[in-house]
Amino acid sequence: MANLYVLATPIGNLRDFSLRGLAVLKEVDLVLAEDTRTTKKLLTHYQIDKPVISYHQHSRLAKVKYILEQLEKGRNLALVSEAGTPGISDPGAKLIDYLVGQLPDLKIIPIPGPSALITALSISGFPADKFFFLGFPPAKKKRKKFFEEVARAKQTVVFYESPHRIIKTLNELSLVIASTSLSLSTGSAKKSPVRRVVVCRELTKKFETIYRGRVEEVVEQIKEPRGEFVVVISNK
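When the letters of the sequence shown are read in order and numbered with the numbering used here, they come out as residues 125 to 360.
Take a look at the structure:
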């Protein structure tokens, strides 16, 4: 039976790739990539010549069946996301669930490595024995409900955001935190605790920047919202 390697790749700095990860890429027969352009750059950097096909959230059933056929033929495959660990806010979980159902004896081997979620959490200074990861906020509907969930959380919360919406998201979050704190403190002599935030921009890349403070303070610090963002909110 063939192997499916779930392979973490660098989130920015290519030197963060593990020796084991490199060895696997050199050994597999086929690479499944969320973004083939990004993966081909990685392979070129390390002088690895392997066929790459796309697999992403919009991949059709025919593509999934093709992947299944390759495994049935005994070919070893590596699944990679655009960056970081597959299955974290990307479609890797759906593929794995399908393949396990079709091939109960399939050996799925994790190759751990970088994750923007864990990287940001590790430098936040907030408790991480328990935390919530919420992926990306909804683009349109249910945004207020999303931020209310963040504001009411008793644990540290982590989520991702794009450069196009980071300022809007932080402003909305600030308003919801303020209103939630006010409603919770009504009738109490205790002052609501300050919610701190750490916003990480372009982790491990040339323009990596870490912003710290209250949400409204961080908004003032972000002058050019470029690159990918990870937002970490302190617990209540």
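All C-beta atoms in this analysis are idealised placements derived from N, C-alpha and C, irrespective of residue type, glycine included. Keep in mind the model is a prediction, meaning the values are calculated, not measured.
*What is the rounded straight-line gap between the Cα of GLU285 and the Cα of GLU272?*
Going from the Cα of GLU285 to the Cα of GLU272 covers about 17 Å.
*What are the uninterrupted segments assigned as beta strand (DSSP E) that are 3 or more residues long and contained completely in the region 330-354, given in chain order?*
Counting only runs of at least 3 residues, the region 330-354 fully encloses the following beta strand (DSSP E) elements, listed from N- to C-terminal order: 333-338.
*To the nearest angstrom, how far is it from the Cα of ASP173 to the Cα of ASP153?*
Roughly 10 Å separates the two Cα atoms.
*Where are the alpha helix (DSSP H) runs, 4 residues long or more, that stay fully inside the region 155-228, in chain order?*
Listed in chain order, the complete alpha helix (DSSP H) runs (minimum 4 residues) inside the region 155-228 are 160-169, 185-196 and 216-226.
*asked:* Could you give the first and the last residue of the continuous alpha helix (DSSP H) run that contains ILE247?
replied: Where ILE247 is concerned, the enclosing alpha helix (DSSP H) stretches over 240-248.
*Starting from GLU326 and walking both ways along the beta strand (DSSP E), at which residues does that stretch end?*
Neither: GLU326 is in no beta strand (DSSP E) and is coded neither H nor E.
_Please classify GLY225 as buried or exposed, where buried requires at least 16 neighbouring CB atoms within 10 angstroms._
Classification of GLY225: exposed, given that the 10 Å Cβ count is below 16.
*Between the CA atoms of ILE301 and ALA313 - distance to the nearest angstrom*: Per-residue confidence for ALA313 stands at a pLDDT of 47, beneath the threshold of 50, marking its modelled position as unreliable; the derived number appears in the next sentence. Rounded to whole angstroms, the gap between the alpha carbons of ALA313 and ILE301 is 19 Å.
_Which same chain residues end up closer than 7 Å to ALA252 when comparing Cβ atoms and leaving out the 5 residues on each side of it in sequence?_
Excluding its 5 nearest sequence neighbours in each direction, ALA252 has C-beta neighbours in its own chain below 7 Å: LEU245 and THR280, listed in chain order.
*Hey, would you say LEU146 sits closer than 8 Å to VAL155, going by beta carbons?*
No, the Cβ-Cβ distance between LEU146 and VAL155 is not below 8 Å.
_Contact set for THR328: own chain, Cβ-Cβ below 8 Å, skip 5 residues either direction_ = The answer, listed in chain order, is PRO134, ILE135, GLY136, ASN137, ASP140, PRO238 and THR243.
*Residue of LEU241, ILE290, PRO287 and GLU193 minimising C-alpha distance to THR209*: Relative to THR209, the option among LEU241, ILE290, PRO287 and GLU193 whose CA is nearest is LEU241.
*Whose CA, out of VAL354, LEU131 and ASN127, lies closest to the CA of PHE257?*
Nearest neighbour of PHE257 by Cα position, chosen from VAL354, LEU131 and ASN127, turns out to be VAL354.
*Cβ pair LYS189, LYS278 closer than 8 Å*: Taking a C-beta distance under 8 Å as the contact criterion, LYS189 and LYS278 do not qualify as a contact pair.
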